[in-house]
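Trainee:
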Amino acid sequence: MPAIKSLEELKHIRDVALQKKQMKATAGNVQVIVAMGTCGIAAGARDTMRSVLNFIETEKVSGVTVTQTGCIGLCEQEPIVQILLGDQPRVVYGKVNAKVAEKIMKQHVQNGQPVKENIIQM
Amino acid sequence: MREISLHLLDIAENSVAAQSEAISIEVHEDLLNERLTARIVDDGRGMDAQTALQVQDPFYTMRTTRKVGLGIPLLKLAAEMADGSFSLESEPGKGTRVEAVFRHSHIDRMPLGDLSSTFLTALIAHPEIHWIFVYRATDIFGNSRDFVFDDAELKAELGGVSLTEPEVLTFVRSMLEEGIAALALQPEMN
Numbered sequence: 009m010p011a012i013k014s015l016e017e018l019k020h021i022r023d024v025a026l027q028k029k030q031m032k033a034t035a036g037n038v039q040v041i042v043a044m045g046t047c048g049i050a051a052g053a054r055d056t057m058r059s060v061l062n063f064i065e066t067e068k069v070s071g072v073t074v075t076q077t078g079c080i081g082l083c084e085q086e087p088i089v090q091i092l093l094g095d096q097p098r099v100v101y102g103k104v105n106a107k108v109a110e111k112i113m114k115q116h117v118q119n120g121q122p123v124k125e126n127i128i129q130m
Numbered sequence: 002m003r004e005i006s007l008h009l010l011d012i013a014e015n016s017v018a019a020q021s022e023a024i025s026i027e028v029h030e031d032l033l034n035e036r037l038t039a040r041i042v043d044d045g046r047g048m049d050a051q052t053a054l055q056v057q058d059p060f061y062t063m064r065t066t067r068k069v070g071l072g073i074p075l076l077k078l079a080a081e082m083a084d085g086s087f088s089l090e091s092e093p094g095k096g097t098r099v100e101a102v103f104r105h106s107h108i109d110r111m112p113l114g115d116l117s118s119t120f121l122t123a124l125i126a127h128p129e130i131h132w133i134f135v136y137r138a139t140d141i142f143g144n145s146r147d148f149v150f151d152d153a154e155l156k157a158e159l160g161g162v163s164l165t166e167p168e169v170l171t172f173v174r175s176m177l178e179e180g181i182a183a184l185a186l187q188p189e190m191n
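Order-wise, the sequence lines are chains A and B. Be aware that the first sequence starts at 9, since it is given in our numbering, and climbs by one per residue. Be aware that the second sequence starts at 2, since it is given in our numbering, and climbs by one per residue.
(1) Give me the chain A residues within the contact set of F172 of chain B, using Cβ-Cβ distance strictly less than 9 Å, ordered along the chain.
(2) Is K124 of chain A close to chain B, meaning its C-beta is less than 7 Å from at least one C-beta of that chain?
(3) Could you give the first and the last residue of the continuous beta strand (DSSP E) run that contains F172 of chain B?
(4) For the 8 Å Cβ check, are there 3 or more pairs between the stretch 47-57 of chain A and the stretch 14-24 of chain A?
(5) In chain order, what residues of the same chain have a beta carbon less than 7 Å from the beta carbon of L32 of chain B, not counting five sequence neighbours either side?
(6) If you measure from the beta carbon of L26 of chain A to each beta carbon in chain B, is any gap under 7 Å?
(7) In terms of alpha-carbon separation, which member of A:A43, A:L26, A:T56 and A:D23 lies closest to K111 of chain A?
(8) Using beta-carbon positions only, say whether E168 of chain B and I21 of chain A come within less than 7 Å of one another.
(9) Go through its chain and collect everything with a Cβ distance to L93 of chain A's Cβ below 6 Å, but skip five positions before and after it.
(10) In its own chain, which residues sit with a C-beta less than 7 Å from the C-beta of D84 of chain B, not counting the 5 before and 5 after it?
(11) Can you give the Cα-Cα distance for E125 of chain A and G180 of chain B, rounded to whole angstroms?
(12) Rounded to whole angstroms, what is the Cα-Cα separation between G71 of chain A and T165 of chain B?
(13) If you scan the stretch 11-68 of chain B from start to end, which runs of the alpha helix (DSSP H) of 4 or more residues do you find wholly inside it?
(14) Which same chain residues, not among the five before or five after D43 of chain B, have their C-beta less than 6 Å away from its C-beta?
(15) Taking the alpha-carbon positions, what's the I91 of chain A to V60 of chain A distance?
(16) Quick check: what's the CA-CA separation for D58 of chain B versus R174 of chain B?
(17) Please determine, among B:S117, B:D11 and B:M111, the residue with the shortest C-alpha to C-alpha distance to E4 of chain B.
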């Protein structure tokens with residue numbers, strides 16, 4: 009682990025994040041769920057996840073929960089990403105490579121417009 | 002799977018499914034002894050001896066042990082193809098230890114791949130788990146250097162702040178990336 013200097017830095021980062029969180033408390037809850045079963049990982053789910061995280065970092069998107077799920081039985085559609093936006097119904101996306109993930113983050117998570125061509129009808 | 006790192010992410014998911022509280026992922030690249038060792042140790046519910054054998058068989062596990070699936074047989078095969086070995090030790094109620102050893106210079110050894118991405122993904126996807134990541138690099142003269150990341154201190158300091166807040170993410174990602182990159186061995190010469 010890096011030395012104490014980093015820990016000081018982390019404390020500062022935490023405080024800034026806490027302040028932002030309080031300011032954004034009214035915004036709806038956003039959950040991004042990446043499927044990470046063996047099938048998902050083999051199909052590129054880790055790159056999908058990295059793309060989601062990169063977007064959060066570069067666009068400084070606060071208040072997004074990123075989590076994972078196992079195989080949901082649609083292995084041929086992997087990598088699969090599910091989006092839960094506020095109280096809207098769950099949207100399930102298939103064949104989400106890094107590029108599609110970025111599009112979903114921009115269009116759906118940030119602007120509320122689902123990326124129609126990648127939606128899986130359940 | 003194209004990388005050993007992807008296998009590790011996959012096997013770690015088994016540990017999460019086995020209700021582990023703490024999971025460690027350890028990788029040792031040893032150029033002196035020509036070995037690459039990858040190990041996952043968890044304190045999950047474990048398996049009895051029979052199940053521990055069965056999960057190594059793809060045809061058995063595909064049908065019945067849904068929590069494990071193909072992941073273990075694939076890693077085992079990858080290690081054995083590279084003149085290595087595979088072992089799985091488990092004790093019900095205590096946990097499981099999976100180890101894959103590869104001959105470092107073997108032409109069929111998969112690349113280690115993006116280890117920091119695997120660590121970051123595991124950390125983000127399962128914030129409830131206590132993660133310990135270890136990367137050790139030993140050069141041809143036998144000098145070893147370690148990168149050890151134990152998330153306990155980080156999480157205590159963050160309190161309830163999510164790891165996916167952009168500033169926190171930048172901090173953690175660069176910590177992992179820089180920590181591993183700093184230990185990079187000379188390009189492999191076969």
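Every residue gets a Cβ at the ideal spot worked out from N, C-alpha and C, and that includes glycine.
Mentor: Per the coordinate set shown:
(1) Indexing the second sequence from 1 puts residue 172 of chain B at position 171. In chain order: S14, E17, L18 and I21.
(2) Here residue 124 of chain A refers to the residue found at position 116 of the first sequence. No, because no Cβ of chain B sits closer than 7 Å to the Cβ of K124 of chain A.
(3) Within the second sequence, the letter at position 171 stands for residue 172 of chain B. Segment P167 to A182 is the alpha helix (DSSP H) holding F172 of chain B; no beta strand (DSSP E) there.
(4) no
(5) Start at 1 with the first residue of the second sequence, and residue 32 of chain B comes out as number 31. So the list reads H105, T139, D140, I141 and L186, once near-sequence residues are dropped.
(6) Taking the first residue of the first sequence as 1, we reach residue 26 of chain A at position 18. Judged by the 7 Å Cβ criterion, L26 of chain A is in contact with chain B.
(7) Position 103 of the first sequence holds residue 111 of chain A. K111 of chain A has its Cα closest to that of A:T56, out of A:A43, A:L26, A:T56 and A:D23.
(8) One-based indexing of the second sequence puts residue 168 of chain B at position 167. One-based indexing of the first sequence puts residue 21 of chain A at position 13. It is a contact, given that the beta carbons lie within the stated cut-off.
(9) Here residue 93 of chain A corresponds to residue number 85 of the first sequence, with the count starting at 1. So the qualifying residues of the chain are V38.
(10) In the second sequence, counting from the first residue as 1, residue 84 of chain B sits at position 83. Answer for D84 of chain B: R104 and H107, listed in chain order.
(11) One-based indexing of the first sequence puts residue 125 of chain A at position 117. One-based indexing of the second sequence puts residue 180 of chain B at position 179. Whole-angstrom Cα-Cα distance: 39 Å.
(12) For this step, residue 71 of chain A is matched to residue 63 along the first sequence. For this step, residue 165 of chain B is matched to residue 164 along the second sequence. Cα to Cα, the separation comes out at about 8 Å.
(13) 50-55 and 59-64
(14) Along the second sequence, one-based indexing puts residue 43 of chain B at 42. Only S16, S21, I24, G96 and T97 meet the Cβ criterion.
(15) Stepping through the first sequence from its first residue, residue 91 of chain A is reached at position 83. Stepping through the first sequence from its first residue, residue 60 of chain A is reached at position 52. Between I91 of chain A and V60 of chain A, the C-alpha separation is close to 12 Å.
(16) Working through the second sequence from its first residue, we reach residue 58 of chain B at position 57. Working through the second sequence from its first residue, we reach residue 174 of chain B at position 173. Roughly 36 Å separates the two Cα atoms.
(17) Position 3 of the second sequence, counted from the start, is the residue given in the question as residue 4 of chain B. Looking at the Cα atoms, B:M111 is the closest of the given residues.
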